[in-house]
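**Student:** First the structure, then my questions, so here it is.
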Amino acid sequence: MKGLMTKGVRWSQVIDQMYVTGVRSLPTTLMAGLFVGAIMAIQINLQLRDFGAQSFLGGLATSVTIRNVGPVLIAFILSGKVGAYTSAELGTMQVTDQMNAIRCLGTDPIQYLILPRMCAVVLSSFLLLIVGLMMTIGGGLLMANLQLGVNSLNFIGNIPKLVQWWSVGTGVAKSFVFGVIIAVISCYRGYHTVGGAVGVGKTVKDSAVETLVIIVVADVALSAVSNVIYALLGMDQL
Amino acid sequence: MIAAIGARTIGLVSSIYGLASLFIESFSALFTQVLFLRFRLRETLDQIFLVGVQSLPVILFSITFISIMLITEFSFHMKLVLRQDSLVPAFSTILLVRELGPVLTCLLLTSRVGAGMAAEIGTMKVTEQLDALRLLSLDPVEYLTIPRWVATVIAAASLSVVALGVAISGGAFLASLLLHYPIALYFQTMFLFTHFTDIMQCVLKASVFGSIIPVVACYHGFHCEQGSRGVGNAATSAVVQSSVVIIVADFVLTYLYYAV
């Protein structure tokens, strides 16, 4: 893989793949982000209402969503939309011997197909996750304003009190790691497909399940690491 | 441009119409099956094994990790807002039971079971096995969809409860290790805030989501195009559409339950 990196990446291919995986997944991501934000606002509001602490809704809902629940749920959607799509495409190429055809033409399929896809999927999942996380704030705001009776100025004004730059940083770091996980697993599973149409179906299933499980484990690991870092730097106080 | 938008809109509407009609068709077929005592118990039990028992390890593992994640997360926020984390078990369990337990169980089931179902039925369609079934005067909806549907609803409802039990115990164990929270106190605080209706809500949500997965998967399987590309596309769109529909349905259910 390292030797291939030195040969350079075909950026035109990367852009093409980013269009196919990224731009076409944008509506789905926006919708998922909106609904996730709204759901979390309702749930957090229920918990805060018992304590009469609804003024904390904006900060708390945004913080929980951005740091943890948002990246996981949106990455779950993306693992189907981006990851399963990529693994199905590569798997189809593998079982219809297109990989071997490329090899016959003297081109390395890993450099020609896998590397651009991997870069594109990492970049587009990362960007889609960021956009989705922004959408969750919008969803929470809409829900709080329209239904829960929390003033939207109050909601927005409360966000900076509880969401510091390091919370946003955690969300961004998680988004990047989840993008890498989706890319690596879908490309690996797609490249190692065997056995016709049944094999392609099995590849899609396996890559989706593995991606979800590893995302969950990585989320716990990253949360633990980030909490340790906050504690070390003394940032876990307001 | 306008033609492209129109084509996409027509495609969207026709796929929604197809999904709804498959849903209604399976419902009426199930009704007649039960009414005339032709319910296919054997296939249904096979599918319950495939859907429920074989997905159990993956789901237990992931939901337990989600529970641990919620505990560390809420501990962080409680310390930030209230400067103490004595109510962590209550808050994290409520969020797990009401929201993330059923949703994540069913999202995992979607990729584990939904993709597999779409690929399986798609392969049958590509290899003309569906036509062979019709020649034997077996209705594919009745023969393939109904057992999967009933099995997934039962499996999703029971898996979510089992996963909740394991996840809450795992969370209590981890809380005693990480946050030095005594296990007895953990359960005491938990039961102050979590009630039986929350579990009922979890089961309700899980069965609604479980009824979405096989219908979407079978729809994409029945409309699979030729070749391995078609099968891959069917599996992918089954996963994506059911996850999106699950998130939307979760919002609708939560909204109806609390906000109205």
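Chains as they are written, first to last, in my numbering: chain A, 1 to 238; chain B, 1001 to 1260. Backbone N, C-alpha and C define an ideal beta-carbon position, used for all residues, glycine too. Please read these numbers as outputs of a predicted model, since none were measured by experiment.
1) Of the residues A:V213, A:A183, A:K202, A:G169, which one's Cα is nearest the Cα of R67 of chain A?
2) State the CB to CB distance for the pair G37 of chain A and T136 of chain A, rounded to an integer number of angstroms; the pair is presumed to be in contact (CB under 8 Å).
3) Using C-beta distances below 7 Å, list every residue in its chain close to I181 of chain A, excluding the 5 sequence neighbours before and after it, in chain order.
4) To the nearest whole angstrom, what separates the beta carbons of L1164 of chain B and C1202 of chain B, a pair I think is in contact under 8 Å?
5) Listing by chain order, which chain B residues have their CB less than 7 Å from the CB of M31 of chain A?
6) Spatial neighbours of M93 of chain A within its chain, please: CB distance less than 6 Å, with the 5 preceding and 5 following residues excluded, ordered by chain position.
7) If you run the structure through DSSP and keep just helix, strand and coil, what is I1182 of chain B?
8) In three-state DSSP terms, what is M1001 of chain B?
9) Mind listing the chain B neighbours of A224 of chain A? Cutoff is C-beta to C-beta under 8 Å, in chain order.
10) Who are the near neighbours of S226 of chain A in its chain, counting only those whose CB is closer than 6 Å to its CB and skipping five residues on each side?
11) Mind checking which residues open and close the alpha helix (DSSP H) that includes Q1129 of chain B?
12) Using a Cβ-Cβ distance cut-off of 9 Å, determine whether V198 of chain A contacts chain B.
13) Quick test of your reading: G80 of chain A and T1123 of chain B, contact by CB under 8 Å. State the CB separation rounded to the nearest angstrom.
14) Short of 7 Å in beta carbon distance, which residues of its chain neighbour V163 of chain A, apart from the five on each side in sequence? Order them along the chain.
15) Quick one: is G1232 of chain B buried, meaning 16 or more other Cβ sit within 10 Å of its Cβ, or exposed?
16) Measuring only the C-alpha atoms, how far is T1110 of chain B from K1205 of chain B?
17) Go to G33 of chain A, then tell me how far its alpha helix (DSSP H) extends in each direction, as first and last residue.
18) For S1092 of chain B and L78 of chain A, I'd like the C-alpha separation in whole angstroms.
19) Find the nearest neighbour of G1230 of chain B within the set A:A32, A:V95, A:F76, judged by alpha-carbon distance.
20) Please confirm if the stretch 1043-1057 of chain B is in contact with the stretch 1141-1149 of chain B, defined as three or more CB-CB distances below 8 Å between the two stretches.
21) Assuming A40 of chain A and G140 of chain A are in contact, meaning their beta carbons sit under 8 Å apart, how far apart are those beta carbons, in whole angstroms?
22) Is the number of C-beta pairs between the stretch 1239-1256 of chain B and the stretch 1145-1159 of chain B that are closer than 8 Å three or more?
23) Ignore the nearest five residues each way along the sequence and tell me which others in F1039 of chain B's own chain have a CB closer than 6 Å to its CB.
24) Between the Cα of L1107 of chain B and the Cα atoms of A:A221, A:A208, A:R49, which residue gives the shortest distance?
25) Relative to chain A, which residues along the stretch 1105-1134 of chain B have a C-beta separation below 9 Å, given in chain order?
26) Can you give me the start and stop residues for the alpha helix (DSSP H) that A84 of chain A sits inside?
27) Tell me the rounded alpha-carbon separation between A197 of chain A and Q1084 of chain B.
**Tutor:** Let's see:
1) Nearest of A:V213, A:A183, A:K202, A:G169 to R67 of chain A, Cα basis: A:G169.
2) 3 Å
3) T211, I214, I215, A218
4) Right, the Cβ-Cβ distance comes to about 6 Å (below 8 Å), so this counts as a contact.
5) V1244
6) By the criterion of a C-beta distance shorter than 6 Å, M93 of chain A is surrounded in its chain by M99, once the five residues flanking it on both sides are discounted.
7) Here residue 1182 of chain B turns out to be Pro, not Ile, going by the sequence shown. Correct three-state label for P1182 of chain B: coil.
8) M1001 of chain B falls in the coil class under three-state DSSP.
9) T1072
10) T170.
11) 1129-1135
12) yes
13) Not a contact, Cβ separation roughly 19 Å.
14) G59, T62, S63, I66
15) buried
16) Straight through space, the alpha carbons of K1205 of chain B and T1110 of chain B are spaced by roughly 14 Å.
17) 26-49
18) 25 Å
19) For G1230 of chain B, the closest C-alpha among the options A:A32, A:V95, A:F76 is that of A:V95.
20) yes
21) Before going on, a small fix: residue 40 of chain A reads as Met here, not Ala. Correct: roughly 6 Å between the Cβ atoms.
22) no
23) Q1033
24) A:A208
25) L1107, L1108, T1110, S1111, R1112, V1113, G1114, A1115, G1116, A1118, A1119, E1120, G1122, T1123, V1126, T1127
26) It is not in any alpha helix (DSSP H) - A84 of chain A carries neither H nor E in the DSSP assignment.
27) 55 Å
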